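As structure tokens, the structure follows; a few thoughts come after it.
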Amino acid sequence: MADRSFDDDYEFALCLTHDVDRPYKTFQAPYYAATERDPSHLRSLVTDERPYWQFEELMALEDDLDVRSAWYFLNEKRLWEQSPREWLEPRNWMLYTGRYDITDPEIVDVVRALDDGGWEVGLHGSYDSYDDRERLRYEKRVLEDVLGDSVRGGRQHYLNTKLPDTWEHHREIGLRYDASYGSSDSYGFDGQYDVLRPFDDEFVVFPLTVMETTLFSRTPSVDAAWRECRRLLEEAADNGAIMTALWHPRYLNEEEFPGYRTIYRRMIEEAKALGGWVGPPAECYDRLTAVTP
Numbered sequence: 383m384a385d386r387s388f389d390d391d392y393e394f395a396l397c398l399t400h401d402v403d404r405p406y407k408t409f410q411a412p413y414y415a416a417t418e419r420d421p422s423h424l425r426s427l428v429t430d431e432r433p434y435w436q437f438e439e440l441m442a443l444e445d446d447l448d449v450r451s452a453w454y455f456l457n458e459k460r461l462w463e464q465s466p467r468e469w470l471e472p473r474n475w476m477l478y479t480g481r482y483d484i485t486d487p488e489i490v491d492v493v494r495a496l497d498d499g500g501w502e503v504g505l506h507g508s509y510d511s512y513d514d515r516e517r518l519r520y521e522k523r524v525l526e527d528v529l530g531d532s533v534r535g536g537r538q539h540y541l542n543t544k545l546p547d548t549w550e551h552h553r554e555i556g557l558r559y560d561a562s563y564g565s566s567d568s569y570g571f572d573g574q575y576d577v578l579r580p581f582d583d584e585f586v587v588f589p590l591t592v593m594e595t596t597l598f599s600r601t602p603s604v605d606a607a608w609r610e611c612r613r614l615l616e617e618a619a620d621n622g623a624i625m626t627a628l629w630h631p632r633y634l635n636e637e638e639f640p641g642y643r644t645i646y647r648r649m650i651e652e653a654k655a656l657g658g659w660v661g662p663p664a665e666c667y668d669r670l671t672a673v674t675p
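Numbering-wise, our numbering comes out as the position in the sequence shown, counting from 1, plus 382.
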């Protein structure tokens, strides 16, 4: 085992996070129907089915495992807020359409249910906000109005960062931590087993260790994905690491994404079996800094 451990009671830490990007299946329905030649994907457009609305299912799974996680909520700009020239760019339709409204009563109910249940609610900074302090400040204020409490950390959409400026923005608007540092193309520790303290103060950066889409795209099967996941957990235990995992809620839909839910559950169970602490980054932050919110 490593010379140091996460704290006196645990060998390492596994921070659980969820980026809430698209809880509704909208433009993805015709896309998957065409690419997979499967018209069943269109059901969500004409029925009450909501295959990506996985809040209750994921909360129940974590409740069953006696763990909590962080949920980062997005307040993205709308396409019509962009210049007309931007409307002609197909990529912008992907970025700015089909989003949810953070003030929609149904989303408000979810945010407050998470908070009431002991989950962390955090900020998922919009696509361009990584270098726009006032936009970030606005998004944080709106989310806090919805939550009825302060927000302590979050992650930038698409892991967008301009360093160290993005971290400075986060710190200046009152966030205690950022969880954006990482890659969507690879997974692992790359020798980084601890949090970062870019300003040598109490602001902390949690590097992203593994994201579900990257894990599955880099492995040939569910079994292979699990072997890699277990290897990361063992590496975390051997090095007293702080490991951060990102699972988007929609991937808990086993019908469309088989294996993702299974790996998530097994990851938590194995982390506990290896002597790890499991929970949201804000709680991990408190353990690291001994700061009471």
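For glycine and all other residues, C-beta sits at the position ideal for the given N, C-alpha and C.
Here the structure is a predicted model, which is why all the values come from computation and not from measurement.
Cross-strand partners of residue i (DSSP beta bridge)
i              : result
arginine 537   : His506
alanine 627    : Leu398 and Val592
tryptophan 659 : Ala395
leucine 578    : Val587
tyrosine 559   : Gly535 and Val586
aspartate 389  : Tyr392
Test item: CB-CB of residue i and residue j under 7 Å
i              : j              : result
arginine 679   : glycine 661    : A question about residue 679 goes unanswered here, because the residues of the chain that appear run from 383 up to 675.
leucine 557    : glycine 535    : yes
tyrosine 569   : asparagine 621 : no
alanine 452    : proline 663    : yes
valine 533     : aspartate 560  : no
aspartate 497  : valine 503     : yes
tyrosine 454   : aspartate 401  : yes
valine 604     : glycine 641    : yes
leucine 447    : leucine 634    : no
leucine 656    : alanine 619    : yes
tryptophan 629 : glutamate 594  : yes
valine 493     : valine 528     : yes
glutamate 636  : arginine 643   : yes
tryptophan 549 : proline 580    : yes
Secondary structure of residue i, DSSP reduced to three states
i             : result
leucine 456   : strand
aspartate 572 : coil
aspartate 498 : helix
glutamate 665 : helix
tyrosine 642  : helix
aspartate 583 : coil
proline 487   : helix
lysine 544    : coil
glutamate 637 : coil
threonine 671 : helix
arginine 632  : helix
tyrosine 482  : coil
serine 451    : coil
aspartate 513 : helix
glutamate 444 : helix
serine 599    : helix
tyrosine 434  : coil
aspartate 527 : helix
arginine 404  : coil
Buried versus exposed, by CB contacts within 10 Å (16 or more), residue i
i             : result
leucine 525   : buried
glycine 507   : buried
glutamate 554 : exposed
serine 599    : exposed
aspartate 403 : buried
alanine 411   : Bear in mind that a pLDDT of 41 at alanine 411, under 50, signals an unreliable position, so the number given afterwards is only what the model happens to contain. Classification of alanine 411: buried, given that the 10 Å Cβ count is 16 or more.
arginine 632  : buried
threonine 399 : buried
glutamate 393 : buried
leucine 545   : exposed
proline 589   : buried
glutamate 444 : buried
alanine 627   : buried
proline 405   : buried
Own chain, CB closer than 7 Å to residue i, minus 5 neighbours either side, in chain order
i             : result
alanine 395   : Phe388, Ile624, Met625, Gly658, Trp659 and Cys666
aspartate 547 : Asp513
tyrosine 520  : none
threonine 601 : Ala607 and Glu610
Contacts around residue i, its chain only, beta-carbon distance under 6 Å, and the 5 residues preceding and following it disregarded
i                 : result
serine 562        : Arg537, Gln538, Leu541 and Thr543
alanine 653       : Leu396, Leu615 and Val660
arginine 481      : Glu458
lysine 522        : Leu505, Val533 and Ile555
leucine 578       : Val587
phenylalanine 639 : Tyr633
valine 490        : Val528
Spatial neighbours of residue i in its chain, beta-carbon cut-off 8 Å, leaving aside the 5 residues before and after
i             : result
threonine 596 : Ser565, Ser566, Asp567, Ser568 and Tyr569
C-beta neighbour in chain C for residue i, strict 7 Å
i          : result
serine 562 : The structure shown contains no chain C; it holds only a single protein chain.
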